[in-house]
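If you're matching them up, the sequences are chains A and B in order.
Just so you know, the numbering used here puts the end of the first sequence at 448, numbered straight through with nothing missing.
Just so you know, the numbering used here puts the end of the second sequence at 435, numbered straight through with nothing missing.
Built from N, CA and C at the ideal position, the CB exists for glycine as well.
First the structure, in the form of C-alpha cells, and then the observations on it.
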Amino acid sequence: KAGVTQTPRYLIKTRGQQVTLSCSPISGHRSVSWYQQTPGQGLQFLFEYFSETQRNKGNFPGRFSGRQFSNSRSEMNVSTLELGDSALYLCASSRQLFNEKLFFGSGTQLSVL
Amino acid sequence: TQLLEQSPQFLSIQEGENLTVYCNSSSVFSSLQWYRQEPGEGPVLLVTVVTGGEVKKLKRLTFQFGDARKDSSLHITAAQPGDTGLYLCAGAYVQGAQKLVFGQGTRLTINP
C-alpha cells in the first residue's frame, strides 16, 4: 500500500511569489491535514480537509489556503511568500475526520529567498 | 490554546544507556500520541495512549500516560543508534472540532 506522497520535495521561491504544494493520501483515507514545521515553532497545524471541505483551521493568515479534490488529493497554496514561510510543509492523511492517527508524507521543503 | 512542553529538547547519550523523555501540559487531553521523525522524512506514529495511567510497551520503548491525562513519558531501555531521531508528542483535545497539538520535540542522538 503506497504511503502519503507529497510533491515536490524541494522548492526555492523568492519573496512575493506564490507556491502550490500537492499531496496524495493513502488509498482509502478521506481526511488530509497540512502542517508547517520549523525549527523554532515545531509542527503547527494549518488546516484539515474532508470530503472536499475545510473542516478545521489553524491560526495562519489568509495567504495560506488549500483545497481537496473528489479523489481526496489535496493542494495547499501560499500567496505573496514571505521569508518566514520557509519551512517543511507536511501533509498527513487519516481514514476519518478528526482522527488523531495520522500518516505523514515526507514533506515539501520550501525555501523563500 | 493547549500547549505541550517536551523535555529535554536535546539529548545525546551512549549506546546501551537508558533515557526518559517527558511531555507535559496543564491541559487535559483525550489521547496522546508519540511520533518519531528521521531527517528528510515525516513523523511516524509510534503509539497512542488514551486512558489515564495507561502504559504501553513497544520492544525497548515504554510509553506512559499520566493519571490526569495531562502528561506522558517515553522511556527507552538500552538505547541503540537506530533510536536516533526527533521524538514528538501530540495531544488531542476538543475545541469545537477535535484538534491535535504537537510538542516542540526531543532531538535524540545515540552514539555508538
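Asked                                                                                                                                                 : Found
Taking Cβ positions only, does leucine 445/A come closer than 8 Å to chain B?                                                                         : no
Could you check what DSSP says for leucine 445/A in three-state terms: helix, strand or coil?                                                         : strand
If you follow the beta strand (DSSP E) that isoleucine 347/A is in, where does it begin and where does it stop?                                       : 345-348
Using the DSSP secondary-structure output, state which residues sit across from alanine 415/B in a beta bridge.                                       : Ser354/B, Leu423/B
From the DSSP output, which residues share a beta bridge with glutamine 332/B?                                                                        : Paired residues: none, contrary to the question.
With 16 other CB atoms within 10 Å as the buried threshold, where does isoleucine 399/B fall?                                                         : buried
Can you give me, in chain order, the residues of the region 421-435 of chain B that have a beta carbon less than 8 Å from any beta carbon in chain A? : Gln421, Lys422, Leu423, Val424, Phe425, Gly426, Gln427, Gly428
Would you tell me roughly how many angstroms separate the C-alpha atoms of glycine 401/A and glutamate 410/A, rounded to the nearest one?             : 6 Å
Are the region 385-395 of chain B and the region 425-444 of chain A touching by the rule of at least three beta carbon pairs closer than 8 Å?         : no
Confirm, please, whether the CB-CB distance from leucine 416/A to glutamine 372/A is below 8 Å.                                                       : no
Could you spell out where the beta strand (DSSP E) holding serine 429/A opens and where it closes?                                                    : 422-429
Pull up the DSSP beta-bridge partners for glycine 408/B, would you.                                                                                   : Leu431/B
Quick one: which residues of the region 433-444 of chain A get their C-beta closer than 9 Å to a C-beta of chain B? List them in chain order.         : Phe433, Asn434, Glu435, Lys436, Leu437, Phe438, Phe439, Gly440, Ser441, Gly442, Gln444
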